[in-house]
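2 protein chains.
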Amino acid sequence: MEGANVTKHPYLPRDLKLPHYKPNINSLGHILGVFFGFVAVLQVVLWIITRGKSIGVRVKICWFVTSGLIHLILEGYYSLYNSTLAGEDTYLAQMWKEYGNGDSRYVHDDTCMVAMESITAWVDGPLCLLTAASFYFPAMYGFRHVFQLAVSICQLYGDTLYFSTEWLEGFKHSEMWHPLHFWFYFFFLNIIWIIVPSINILDAARNLWRAQYKADDGLEVKSRKIVSKKRR
Amino acid sequence: MEGANVTKHPYLPRDLKLPHYKPNINSLGHILGVFFGFVAVLQVVLWIITRGKSIGVRVKICWFVTSGLIHLILEGYYSLYNSTLAGEDTYLAQMWKEYGNGDSRYVHDDTCMVAMESITAWVDGPLCLLTAASFYFPAMYGFRHVFQLAVSICQLYGDTLYFSTEWLEGFKHSEMWHPLHFWFYFFFLNIIWIIVPSINILDAARNLWRAQYKADDGLEVKSRKIVSKKRR
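The listed protein sequences correspond, in order, to chains A and B.
Number 222 in numbering that gives the first Met the number 0 belongs to position 223 of the first sequence; there are no gaps in the numbering.
Number 186 in numbering that gives the first Met the number 0 belongs to position 187 of the second sequence; there are no gaps in the numbering.
Right, here's the structure in full:
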């Protein structure tokens, strides 16, 4: 029975306790293939469904549907099963166990990540799909920039928190500078959700400012005082 | 030298290490008086400065300036001095040491709180003041609802994270149900930033939707496809 309490796992920091850890049963190529295959097929399907729309709208729908499904499915799984997934064999658990090489906070119930990812999954996720829907369905078109602004701020907030907490903890949850684990998983896959939401925030804000200025020209009854001041 | 390593502090959990802790030099009434006195004087000053505006706009300016200054000054102090403030005697350090009775994460460098409060101080803070300015200065009036929406989402996100991380950790950082520490400091002072931002988000979104619908009526060149679909 010697060594029964010693946890064998590949993650950093080495003193992380994961007594229930089981190695992945599928290969790295298999797991990444399932994830990126799903993303690729989704892009093709979305591109076909959205024909007839402008290129800009099609790209946005692809982004928000893909983002929304990743939030709901992948991050939703972490939100629900964070404390047990290190010992599970489902595809989603195996994806997290592989990603854990780049950030071990994702193979256990790290409080801050669980809270942030739960908001991401159950708030950002549905909001992303609503944003995509508002670009797709003419009846919802008036909501598009408000939804885009709202969900992009949530995404940027969550990801800023993600990077800054890891920076504050001295990047101790993975091997720094490792090409796949640090650069691809931790840095590249996450910096996307800094860059794209930042662009989407500026784009939505610019459109809403423009709409607001246009609408304010017609305001006369309710905000008479302010409008009259403005015109002086 | 026996007991030299034993930390004496009033906070929970009892195993929290604060070797640099020094008790407050000013009384509870003095510290709370300075904080709430500042807030009260600020309301009077703001109410006078904003005369001539509508009641709704005046209330909003009071909220966003007060909120912004609390974020920048009080939360800014925590963002900068979290690791040392338990041993300091400034008013701001004493306020945090008193607040720490309701949530001990604020008397040391709790990673998640430092990251969240840094966003609150250095992003929400200036954005609050910009929002207030956009309600006050006619030249910035077109930005008001976008700023209000953006900063209120950030406030709601941060506060949701605040409550949910403490819930996930089993409310271990204060004495649960204590009338002053738990109910007033932890619950009441924070639930304000759940309720008011929620109202402000709905208010800004409704105004922006209305403006967008109005502006879309004039759209003809750039979004012809979508507009024509909408009109069918």
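Virtual Cβ for every residue (Gly too), placed ideally from N, Cα, C.
Do you know offhand how far residue i's Cα is from residue j's?
| i | j | result |
| --- | --- | --- |
| B/LYS7 | B/TYR20 | 8 Å |
| A/ILE191 | A/TYR184 | 11 Å |
| A/THR164 | B/ARG50 | 43 Å |
| A/MET175 | B/LEU41 | 48 Å |
| B/PRO18 | B/GLY75 | 23 Å |
| B/LEU201 | A/ILE24 | 47 Å |
| A/LEU45 | B/GLY169 | 43 Å |
| A/LYS16 | A/PHE186 | 25 Å |
| A/ILE30 | A/PRO22 | 13 Å |
| B/PHE35 | B/GLN93 | 14 Å |
| B/ALA120 | B/ASP158 | 13 Å |
| B/LEU79 | B/TRP208 | 39 Å |
| B/LEU160 | B/ALA39 | 28 Å |
| A/LEU167 | A/PRO12 | 15 Å |
| A/HIS144 | B/GLY32 | 44 Å |
| A/TYR140 | A/ILE54 | 16 Å |
| A/GLY232 | B/ASP108 | The displayed coordinates of chain A run from 0 to 231. Any statement about residue 232 of chain A would go beyond what the structure contains. |
| B/HIS172 | B/ASN81 | 16 Å |
Quick check on this structure: which residue in the options has the alpha carbon closest to the alpha carbon of residue i?
| i | options | result |
| --- | --- | --- |
| B/LEU188 | B/ASN23, B/TYR140 and B/ILE69 | B/ILE69 |
| B/SER117 | B/ILE72, B/GLU174 and B/GLU168 | B/ILE72 |
| B/ASN206 | B/ILE54, B/HIS29 and B/PHE146 | B/PHE146 |
| A/VAL56 | A/PRO137, A/LEU160 and A/TYR156 | A/PRO137 |
| A/ILE60 | A/ASP14, A/ARG104, A/ILE24 and A/LEU126 | A/LEU126 |
| A/TYR10 | A/TYR90, A/SER82 and A/VAL106 | A/VAL106 |
| A/LEU91 | A/ILE47, A/SER82 and A/TYR77 | A/TYR77 |
| B/SER26 | B/PHE37, B/LYS96 and B/TRP121 | B/LYS96 |
| A/ASP14 | A/ALA120, A/ALA203, A/ARG104 and A/PRO22 | A/ARG104 |
| A/LYS52 | A/TYR135, A/ASP158 and A/LEU160 | A/TYR135 |
| B/VAL122 | A/LEU155, A/HIS144 and A/GLY141 | A/LEU155 |
| B/PHE142 | B/VAL58, B/HIS172 and B/ALA204 | B/ALA204 |
| B/ASN199 | B/GLY28, B/VAL58 and B/SER173 | B/VAL58 |
Mapping DSSP to helix, strand and coil, what is residue i?
| i | result |
| --- | --- |
| A/LYS59 | helix |
| B/ILE225 | Any answer about B/ILE225 is weak, because its pLDDT of 48 lies below 50 and its placement is not dependable; what the coordinates show is given next. The answer is helix: DSSP assigns B/ILE225 an H, G or I state. |
| B/LYS52 | strand |
| B/SER78 | helix |
| A/SER197 | helix |
| B/MET175 | coil |
| A/TYR20 | coil |
| B/LEU246 | The structure shown does not extend to residue 246 of chain B, since chain B spans only 0 to 231, so no value can be given for it. |
| B/ARG13 | coil |
| A/GLY99 | coil |
| B/ASN189 | helix |
| B/LYS213 | helix |
| B/PHE170 | coil |
| A/PHE37 | helix |
| B/GLU116 | helix |
- Between the segment 186-206 of chain A and the segment 149-158 of chain A, do three or more beta carbon pairs fall short of 8 Å? yes
- Query: Within the chosen definition, does the segment 209-216 of chain B reach the segment 203-215 of chain A through at least 3 CB pairs nearer than 8 Å?
  - Reply: yes
- Message: Could you check whether the segment 98-114 of chain A touches the segment 170-183 of chain A, counting it as contact only if at least three pairs of C-beta atoms, one from each stretch, sit closer than 8 Å?
- Response: yes
- What are the residues of the segment 156-168 of chain A that lie near chain B, defined by any Cβ-Cβ distance shorter than 7 Å? TYR156, THR159, LEU160, SER163, THR164, LEU167 and GLU168
- Message: Under 8 Å: do the segment 81-93 of chain A and the segment 122-140 of chain A share three or more Cβ pairs, one atom per stretch?
- Response: no
- Give the residues from the segment 138-154 of chain B that approach chain A closer than 7 Å (Cβ to any Cβ), ordered along the chain. TYR140, GLY141, PHE142, HIS144, VAL145, LEU148, ALA149, ILE152 and CYS153
- Task: Take every Cβ of the segment 50-68 of chain B, pair it with every Cβ of the segment 102-114 of chain B, and state whether three or more of those distances are shorter than 8 Å.
- Result: no
- Please name the residues in the segment 183-204 of chain B whose beta-carbon is closer than 7 Å to at least one beta-carbon of chain A, in chain order. ALA204
- Message: Short of 9 Å Cβ to Cβ, which residues in the segment 47-66 of chain A face chain B?
- Response: GLY51, LYS52, SER53 and VAL56
- Residues of the segment 117-129 of chain A whose Cβ lies closer than 8 Å to any Cβ of chain B, in chain order: SER117 and ILE118
- Of all the residues that make up the segment 3-31 of chain A, which are near chain B by a beta-carbon distance shorter than 8 Å? none
- the segment 70-88 of chain B: positions lying closer than 7 Å to chain A by Cβ: none
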